[in-house]
Amino acid sequence: MGDYSLNPYIGCSFNCEYCYINGSKYVESTDSFYIKSNALQMFKNQLKRKAKASERAVILFGSATDPYMNIEKELLLTRNLLNVANRFKFPVHIVTKSDLVLRDIEIFKKININGVLPKDLTFLDSKVMITFSFSSLDNEIAKIFEPNAPSPKKRLKAIKILKDEGFLVGASLMPLLPFISDSDEDIDKIFSVLNKIGVDYIFGGPLTLFGESNNDSKIKYYKIIDKNFPNISEATKQIFKEKEYPNINYQKNVYKKLGKACNKYKIKNSII
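For reference, each letter of the sequence shown is one residue, going 446 to 717 in our numbering.
Here it is in structure tokens:
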């Protein structure tokens with residue numbers, strides 16, 4: 446959720462094999478990334494204009510990159526951008542795979558005090574929303590598909606800490622991996638773990654795969670499957686059949702399973 450999106454970096458060093466930005470208009474490969482050197486000043490100018498016009502919005506950090514990839518430890522670009530959001534009283538929604546987000550708890554507390562929600566969102570209990578992304582809770586599986594990202598175990602610990610601080614925290618199961626983390630049993634286990642640590646919402650969806658070149662997500666993903674999960678390689682390719690999205694029956698089945706789990710654990714399937 447976010448009225449405006451902000452990506453401090455182009456590309457992402459976490460290099461998730463399924464990531465849709467691979468080979469896309471954003472970057473040729475997630476093996477490399479770029480820094481938006483003018484992001485801070487541009488963001489400051491835009492928020493200043495919006496605040497002056499009494500325009501309120503939620504700023505989404507991380508729609509096409511992770512705002513807390515490893516280089517952020519040194520550059521502090523996301524941290525500085527958050528300080529700007531706080532200065533002009535704009536709420537934020539963070540999407541990440543990293544426990545580095547914990548570094549900025551004190552800024553989040555300030556935003557929670559100072560932020561002004563848009564009129565249609567004033568019912569929310571927090572002006573800071575943090576969504577952690579998972580494709581699986583299995584650390585070994587995650588290491589295969591998300592080689593440079595912090596482990597699911599670290600993300601789960603971060604969720605608990607942020608919930609204890611009073612922020613609105615949830616999980617994005619996007620994508621669920623076909624025949625790896627998308628069964629009823631897999632989804633139920635994920636929901637059970639996330640429910641125990643008190644997430645406010647869980648939403649998810651099926652895998653999408655793009656492109657036909659070596660850097661594209663479809664080719665990269667198929668190579669990983671062929672190497673590590675040869676027993677499901679053909680079945681995985683069959684549900685896509687040269688398309689970017691899995692067939693409609695598969696998609697409906699995934700959303701049905703997610704809905705069933707939300708009902709069982711009484712967890713919302715969206716932030717609002």
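Every residue gets a Cβ at the ideal spot worked out from N, C-alpha and C, and that includes glycine.
Pair within 8 Å by beta-carbon distance, residue i and residue j
| i | j | result |
| --- | --- | --- |
| Pro-597 | Pro-620 | no |
| Phe-535 | Ile-504 | yes |
| Ser-637 | Gly-611 | no |
| Pro-592 | Ala-502 | no |
| Tyr-449 | Ile-480 | no |
| Pro-623 | Ile-669 | no |
| Asn-692 | Lys-686 | yes |
| Leu-485 | Asn-525 | yes |
| Ile-712 | Tyr-646 | yes |
| Thr-523 | Glu-517 | yes |
| Ser-626 | Phe-648 | no |
| Val-537 | Val-573 | yes |
| Phe-590 | Tyr-463 | yes |
| Asp-549 | Leu-527 | yes |
| Leu-547 | Ile-606 | yes |
| Leu-566 | Phe-533 | no |
Secondary structure of residue i, DSSP reduced to three states
| i | result |
| --- | --- |
| Pro-623 | coil |
| Thr-523 | helix |
| Met-487 | helix |
| Ile-716 | coil |
| Tyr-700 | helix |
| Ile-466 | coil |
| Pro-718 | A question about residue 718 goes unanswered here, because the residues of the chain that appear run from 446 up to 717. |
| Ser-637 | helix |
| Ala-498 | coil |
| Ser-450 | strand |
| Ser-727 | Nothing about residue 727 can be read from this structure; the chain reaches only from 446 to 717. |
| Thr-510 | coil |
| Ser-458 | coil |
| Ile-664 | helix |
| Val-540 | strand |
| Ala-680 | helix |
Inter-residue CB distance, residue i and residue j (contact presumed, cutoff 8 Å)
| i | j | result |
| --- | --- | --- |
| Phe-488 | Val-529 | 5 Å |
| Asn-452 | Ser-508 | 6 Å |
| Ile-716 | Gly-615 | 7 Å |
| Ile-552 | Pro-512 | That pair is no contact at about 13 Å. |
| Leu-654 | Glu-689 | 6 Å |
| Ala-594 | Cys-707 | No, Ala-594 and Cys-707 are not in contact; Cβ-Cβ is about 25 Å, not under 8 Å. |
| Lys-555 | Asn-531 | 5 Å |
Do the stretch 625-632 and the stretch 591-609 meet, that is, are 3 or more Cβ pairs less than 8 Å apart?
Touching, no.
Given 8 Å, three or more beta-carbon pairs between the stretch 657-672 and the stretch 574-582:
Under the three-pair Cβ rule at 8 Å, the stretch 657-672 does not count as touching the stretch 574-582.
In chain order, which continuous runs of the beta strand (DSSP E) of length 3 or greater are located wholly inside the stretch 559-586?
List check, beta strand (DSSP E) in window: 573-578.
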